[in-house]
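Asker: The first sequence begins at 0 in numbering that gives the first Met the number 0 and counts up by one.
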Amino acid sequence: MIRTRFAPSPTGKLHIGGARTALFNYLFAKSNGGKFLLRIEDTDIKRSSKENIDVILNGLNWLKLIPSEKEKYQSNETQQHIDIAYKLLKNGFAYKCYLSTEELNEMRNQSRKKGEVIKSPYRDNLVNIKNKDFVIRLKMPLKGQTTINDKVQGKVIIDNSILDDMVLLRKDNSPTYMLASVVDDYNMEITNIIRGDDHFNNAFRQIQIIKYMNWPIPTYAHIPLIHGEDGTKLSKRHGAENVMDYKKDGYEVEVLKNYLLRLGYSVNDDKIYDLENNTFNFKLDKINKSPSRFDLKKLSNMNALYLRTQPLNNLLNRIKTKFNLNEEILDRLDFLLPDLIQRYTYLNEIENDFLWLSNDFTNNVSDLNQENLNLVFEVLSILKSTEWNLIELKENIEKCLVENNLKMKDLGPILRIVLTGKTNTPDIFKVIFIIGRNECIKRLTKV
RNA sequence: GGCCCCUUCGUCUAGUGGUUUAGGACAUCGCCCUUUCACGGCGGCAACACGGGUUCGAAUCCCGUAGGGGUCACCA
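(1) Should I431 go down as buried or exposed, given a rule of 16 or more other Cβ atoms within 10 Å for buried?
(2) If you draw a straight line from the alpha carbon of V155 to that of N130, how long is it in whole angstroms?
(3) Look at the alpha carbon of P140 and the alpha carbon of Y245, and state the distance between them as a whole number of angstroms.
(4) For F334, collect the residues of the same chain with a Cβ closer than 6 angstroms to its Cβ; drop the 5 residues on either side in sequence, then sort them by chain order.
(5) Nearest by alpha-carbon distance to I206: which of D197, L224, L178, P223 is it?
(6) Between which residues of its own chain and L410 is the CB-CB distance below 8 angstroms, once the five residues before and five after are set aside?
(7) In chain order, which continuous runs of the alpha helix (DSSP H) of length 4 or greater are located wholly inside the region 257 to 311?
(8) With DSSP as the reference, please indicate the residues paired to T77 in a beta bridge.
(9) Given this structure, state the Cα-to-Cα distance separating N213 from P120, to the nearest angstrom.
(10) Would you call the CB atoms of A28 and T10 closer than 8 angstroms?
(11) Check whether the region 177 to 193 touches the region 77 to 84, taking contact to mean three or more Cβ pairs, one atom from each stretch, closer than 8 angstroms.
(12) Applying the 10 Å Cβ sphere with the 16-neighbour rule, what's the burial state of P337?
(13) Which one of K256, K393, S380 has the shortest CA to CA distance from H485?
(14) If you count every other CB in all the chains shown that lies within 10 Å of the CB of N41, and 16 or more means buried, which is it?
(15) Can you give, in chain order, each stretch of the alpha helix (DSSP H) that sits fully within the region 128 to 186 and has at least 4 residues?
(16) With hydrogens ignored, establish whether the beta-carbon of D284 is closer than 7 angstroms to any heavy atom of the ligand GTP.
(17) Identify which residue in V151, E253, D53, V417 has its Cα closest to the Cα of Y272.
(18) In or out: G91 buried (at least 16 other Cβ within 10 Å) or exposed?
(19) Please report the straight-line C-alpha distance between I135 and S99, rounded to a whole angstrom.
(20) Name the DSSP bridge partner or partners of T218?
(21) By Cβ distance below 7 angstroms, which residues in the same chain neighbour D158 in space, the five residues on each side in sequence not counted?
(22) Is the region 21 to 38 touching the region 274 to 281, taking contact as three or more C-beta pairs under 8 angstroms?
(23) Which residues in the same chain have their Cβ closer than 6 angstroms to the Cβ of S357, if we skip the five residues on either side of it in sequence?
(24) By how many angstroms is the C-alpha of D132 removed from the C-alpha of Y97?
(25) Count the C-beta pairs between the region 287 to 300 and the region 222 to 233 that are closer than 8 angstroms, then say yes if the count reaches three, no if not.
(26) Compare the C-alpha of T361 against each of I413, P412, Y94, V417 and name the closest.
(27) In angstroms, rounded to a whole number, what distance separates the CA positions of K12 and L311?
(28) Which two residues bound the contiguous alpha helix (DSSP H) that contains F432?
(29) Can you list, in chain order, the residues of its chain with a C-beta nearer than 6 angstroms to that of M243? Leave out the 5 residues immediately preceding and following it.
(30) Going by beta-carbon coordinates alone, are I193 and I222 separated by less than 8 angstroms?
(31) Using alpha carbons as the reference points, say which of L262, G16, K138, S74 lies closest to D164.
(32) For N351, tell me which candidate among S365, D366, L332, V364 has the shortest Cα-Cα distance.
(33) On the premise that L162 lies in contact with F199, defined as a C-beta separation below 8 angstroms, what is that separation, rounded to the nearest angstrom?
(34) Kindly indicate which residue of L414, N404, E370 has the alpha-carbon position closest to the one of L382.
(35) Between the Cα of N101 and the Cα atoms of Y94, K95, Q109, which residue gives the shortest distance?
(36) Considering only C-alpha positions, which residue in the set F428, F376, F322 is nearest to K441?
So this is what it looks like as structure tokens:
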């Protein structure tokens, strides 16, 4: 049984990159009849916050990336992590290191110059110093190579000599991410680790713990990072550091997920796939290896196209629940929504049309010239006498135009601005028809 | 700097040795449609990073170079 996990750290929000990692984990698990799990990596107590945990949970919830089991909190497993660290120590795979921060900094300076990894003198010189703080470090193999057959990156081999003796347990006895993550993955029986490419180097180090403990080695898939439009790593500068901001900005969740999927994944058409009901067959080998740039324009375009494919009833219901609208606006919306939706990129743009759809609307047009005023009067008299249906309305007004030797473009824009206050609306005849005789007369008389 | 990864139009990508004058989508530009704004239709511009090989033949395989990214914490 395939088991994947998304393991965010609540030291920050759920950003777009994290959302994609979660999506890939979810899709891979679901495509293989497996389980998708969530683990909050809150070992950094100082930087983790309840607020961020909620943001992550809410974000995943909005994305409908619901874990198969209740989420785990890494901080609840601390004792286990400590036990493993001491077990490694006891078995000679780890050692106590008494190096101070200053000593370490100095060593790091030197090693950087030489291009070598730092080696603690306590590695081969096992001592127990009373009343002095220590960390527990893993003893990396000095020779040989480590190979990872990554499902995205391919087969990668590194020399073990570049591995540093990473810290397992801090001076204050708290486990590091390097240890905790491995132990938790083992306990949660994670079979496939799908995470950002920025973790690739960690895999070679973490795998040593797994080997020392004789645990099964999970299958890795390190997915490329998403870059901003300028080609650099995505950060706060690029806006929207929280996926929920995309919701606020009016992006449809299905669209966002499909866009995220397409970013670095080969899909041969422009369909918006149903990513919820296990109908999408997600394959790791379709993930590209190179990072891709986040393109808001493409996202927006997908959003607009998607909106137009949505059943009008669904859209109308969403509008009804989101906004408190009276019957009169609702009726008009019911009639005009098919026309309006063609013009929107985001559903929430509809807010801009509520005003003129309502009887509360009054125009403030006052600068019409005499010619146009006369035109408006003519239309007024037509509206007063015509039978109230779309066809009659249109015929009578067009007849009037012919009599005056005018074209629709001479009248359309004027009526539009007077009746709606806007320069762009659906077909003006439809607008007149649905707004109604009395209301139209009222608005036109105002001029 | 060491190690690792990547490199097809501005962007996301198709392409796995001949079917390719390198295809699509977004963006952009032009035209058509037109009562406005859109939609839609038609068309244009635009890419195999560079240099060597291998081969009858290379975007596709190999080697360099350049550029980009990641990582090198008692953060995750």
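Quick reminder that beta carbons are idealized off the backbone N, C-alpha and C, glycines included.
Answerer: For this structure:
(1) Along the first sequence, one-based indexing puts residue 431 at 432. Classification of I431: buried, given that the 10 Å Cβ count is 16 or more.
(2) Translated into positions along the first sequence, residue 155 becomes position 156. Translated into positions along the first sequence, residue 130 becomes position 131. Our two residues, V155 and N130, have alpha carbons roughly 43 angstroms apart in a direct line.
(3) In the first sequence, residue 140 corresponds to position 141, counting from 1. In the first sequence, residue 245 corresponds to position 246, counting from 1. P140 and Y245: Cα-Cα distance of roughly 46 angstroms.
(4) Here residue 334 corresponds to residue number 335 of the first sequence, with the count starting at 1. If we look at F334 and ignore the five residues flanking it on each side, its Cβ neighbours are I433.
(5) If you number the first sequence from 1, residue 206 lands on position 207. When D197, L224, L178, P223 are compared, the shortest CA-CA separation from I206 is found for L178.
(6) Start at 1 with the first residue of the first sequence, and residue 410 comes out as number 411. Closer than 8 angstroms at Cβ, skipping near neighbours: L374, V378, I396, L400.
(7) Runs found: 295 to 308.
(8) The sequence position of residue 77 within the first sequence is 78, counting from 1. According to DSSP, T77 bridges with nothing at all.
(9) Here residue 213 refers to the residue found at position 214 of the first sequence. Here residue 120 refers to the residue found at position 121 of the first sequence. So the two alpha carbons sit approximately 27 angstroms from each other.
(10) In the first sequence, residue 28 corresponds to position 29, counting from 1. In the first sequence, residue 10 corresponds to position 11, counting from 1. No, the Cβ-Cβ distance between A28 and T10 is not below 8 angstroms.
(11) The region 177 to 193, when compared against the region 77 to 84, does touch it at the 8 angstroms Cβ threshold.
(12) Walking along the first sequence from the start, residue 337 turns up at place 338. P337 should be labelled exposed.
(13) Residue coverage of the chain in this structure runs from 0 to 446, which leaves residue 485 outside it and unanswerable.
(14) Position 42 of the first sequence, counted from the start, is the residue given in the question as residue 41. For the sequence presented, residue 41 should be read as Asp rather than Asn. Buried: at least 16 other Cβ atoms inside 10 Å.
(15) DSSP runs (the alpha helix (DSSP H)) wholly in the region 128 to 186: 176 to 186.
(16) Among the components of this structure there are no ligands whatsoever, and the ligand GTP is therefore not found.
(17) As a working mapping, residue 272 is identified with position 273 in the first sequence. Considering only alpha carbons, the answer is E253.
(18) Sequence index remark: in the first sequence, residue 91 carries index 92 (1-based). Note on G91: under 16 other CB atoms within 10 angstroms of its CB, so exposed under the neighbour-count rule.
(19) By one-based count along the first sequence, residue 135 stands at place 136. By one-based count along the first sequence, residue 99 stands at place 100. So the two alpha carbons sit approximately 13 angstroms from each other.
(20) Here residue 218 refers to the residue found at position 219 of the first sequence. DSSP lists N191 as the beta-bridge partner residues of T218.
(21) For this step, residue 158 is matched to residue 159 along the first sequence. So the qualifying residues of the chain are Q144.
(22) Flag = yes, the region 21 to 38 and the region 274 to 281 touch.
(23) Locating residue 357 in the first sequence gives position 358, counting from the first residue. Taken in chain order, the residues that qualify are I328.
(24) As a first step, residue 97 must be located in the first sequence, where it is residue number 98. As a first step, residue 132 must be located in the first sequence, where it is residue number 133. Y97 and D132: Cα-Cα distance of roughly 6 angstroms.
(25) Yes, they touch.
(26) Numbered from 1 along the first sequence, position 362 holds the residue referred to as residue 361. By alpha-carbon distance to T361, the top candidate from I413, P412, Y94, V417 is V417.
(27) Taking the first residue of the first sequence as position 1, residue 12 is located at position 13. Taking the first residue of the first sequence as position 1, residue 311 is located at position 312. Distance between the alpha carbons of K12 and L311 is about 34 angstroms.
(28) One-based indexing of the first sequence puts residue 432 at position 433. From DSSP, the alpha helix (DSSP H) with F432 extends over 427 to 434.
(29) In the first sequence, residue 243 corresponds to position 244, counting from 1. For M243, where only same-chain residues beyond five positions count, the Cβ hits under 6 angstroms are G58.
(30) Your numbering for residue 193 matches position 194 in the first sequence. Your numbering for residue 222 matches position 223 in the first sequence. Contact: yes.
(31) Along the first sequence, one-based indexing puts residue 164 at 165. If you compare the alpha carbons of L262, G16, K138, S74 with that of D164, the shortest gap goes to K138.
(32) As a working note, residue 351 is residue 352 in the first sequence. Of the candidates S365, D366, L332, V364, the one whose C-alpha sits nearest the C-alpha of N351 is L332.
(33) Indexing the first sequence from 1 puts residue 199 at position 200. Indexing the first sequence from 1 puts residue 162 at position 163. With a Cβ gap of about 13 angstroms, F199 and L162 do not count as contacting.
(34) As a position in the first sequence, residue 382 is number 383, starting the count at 1. Taking only the C-alpha atoms, the option nearest L382 is L414.
(35) Position 102 of the first sequence, counted from the first residue, corresponds to residue 101. Strictly speaking, residue 101 in this sequence is Glu, with Asn absent from that position. Taking the Cα of E101 as reference, the smallest distance to any Cα among Y94, K95, Q109 is reached at Q109.
(36) Position 442 of the first sequence, counted from the start, is the residue given in the question as residue 441. Nearest option by C-alpha distance: F376.
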